[in-house]
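Right, one structure below, let's go through it.
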Amino acid sequence: MKKNSSHKSYTLKEATLKLMQFCAYRDRSHKEVEEKLKEMNMIPAAQEQIIIQLMQEGFLNEERFARSFVRGKFRIKKWGRIKIKQELKLREISSPIIKIALTEIDEDDYFATLHELAEKKLSLIPEPNSFKKKKKLSDYLLRKGYEAHLVFDVSSSFFD
Numbered sequence: 001m002k003k004n005s006s007h008k009s010y011t012l013k014e015a016t017l018k019l020m021q022f023c024a025y026r027d028r029s030h031k032e033v034e035e036k037l038k039e040m041n042m043i044p045a046a047q048e049q050i051i052i053q054l055m056q057e058g059f060l061n062e063e064r065f066a067r068s069f070v071r072g073k074f075r076i077k078k079w080g081r082i083k084i085k086q087e088l089k090l091r092e093i094s095s096p097i098i099k100i101a102l103t104e105i106d107e108d109d110y111f112a113t114l115h116e117l118a119e120k121k122l123s124l125i126p127e128p129n130s131f132k133k134k135k136k137l138s139d140y141l142l143r144k145g146y147e148a149h150l151v152f153d154v155s156s157s158f159f160d
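FYI, in the UniProt record's numbering the residues of the sequence shown are 1 to 160.
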């Protein structure tokens, strides 16, 4: 038996209330809710019924989750679109919803953030060789999830 499986059994009403609190704390993806229901050892029919109720009552909304995820990861962690998209796919968010959610990123803010990240990182790279310095900067920005052509443009702008 798994260590984290709880021995408590929940009624449908208890499980629904628990999941409402879980979703009210912050936006959740369907996958997170399904995993939580499995942890609670709810049977598939009950899981489905709870998920439908959560959606009907506005506790579970995949698009709202995706939009909020995009805003948070961009504004707080300063991730690029590629990394955000990959993370949403890992959370089993559909492509059309990902496309809609990415509209939360303002183009001007995106370029300004990329430039700001590049400037900060550049000042922290103690590399005398400009080619190596440019490579380290580019690698960093690519890891943050920015598109290669934008990374190339911004890193080139510092080394002309």
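We treat Cβ as the ideally placed atom computed from N, Cα and C, and that holds for glycine.
How would you label residue i, buried or exposed, when you count the other beta carbons within 10 angstroms and need 16 or more for buried?
i: S155; result: buried
i: K3; result: Confidence at K3 is low in this model, with a pLDDT of 45, below 50, so its placement is unreliable and no value can be given for it.
i: S6; result: For S6, the pLDDT reaches just 48, beneath the cut-off of 50, and the residue's location in the model is therefore unreliable, although a value from the coordinates is still provided. The residue is exposed, with fewer than 16 neighbouring Cβ atoms inside 10 Å.
i: K8; result: exposed
i: M1; result: A caution first: M1 carries a pLDDT of 36, below 50, which makes its placement in the model unreliable, though a value can still be read off. Looking at its Cβ environment, which holds fewer than 16 other Cβ atoms inside 10 Å, M1 is exposed.
Enumerate in chain order the residues of its own chain whose CB-to-CB distance from residue i is below 6 Å, with the five nearest sequence positions on each side excluded.
i: A101; result: A66, R67, V70
i: I125; result: K133, K136
i: K89; result: none
i: I84; result: V70, K73
i: V151; result: S138, L141, L142
i: Y10; result: M40
For residue i, which option in the options has the closest C-alpha, if you only look at C-alpha atoms?
i: I105; options: Q47, M55, K78; result: K78
i: Y110; options: F74, Q21, E14, S157; result: F74
i: D27; options: L114, L60, T113, D139; result: L60
i: G58; options: I76, P44, D153, F22; result: F22
i: D153; options: P128, N129, E127, A112; result: A112
i: E35; options: Y25, E48, H149; result: E48
By Cβ distance, which residues of its chain are closer than 8 Å to residue i, with the 5 residues on each side in sequence left out?
i: E147; result: G80, R81, I82
i: E92; result: S29, H30, K31
i: A15; result: L37, M40, M42, A46, I50
i: E63; result: I97, I100, A101
i: E127; result: K133, K136
i: Q86; result: G145
i: S94; result: E62
Just to confirm my understanding: we take residue i, look at its own chain, exclude 5 residues before and 5 after, and list those with CB closer than 7 Å. What are they?
i: L117; result: K78, L141, K144
i: S130; result: F159
i: A24; result: F59
For residue i and residue j, which I take to be in contact (beta-carbon distance under 8 Å), what is that distance rounded to the nearest angstrom?
i: L54; j: L19; result: 6 Å
i: F158; j: L122; result: 6 Å
Within the segment 46-104, note down every full alpha helix (DSSP H) run reaching 4 residues or more, in order along the chain.
62-75, 81-90, 95-101
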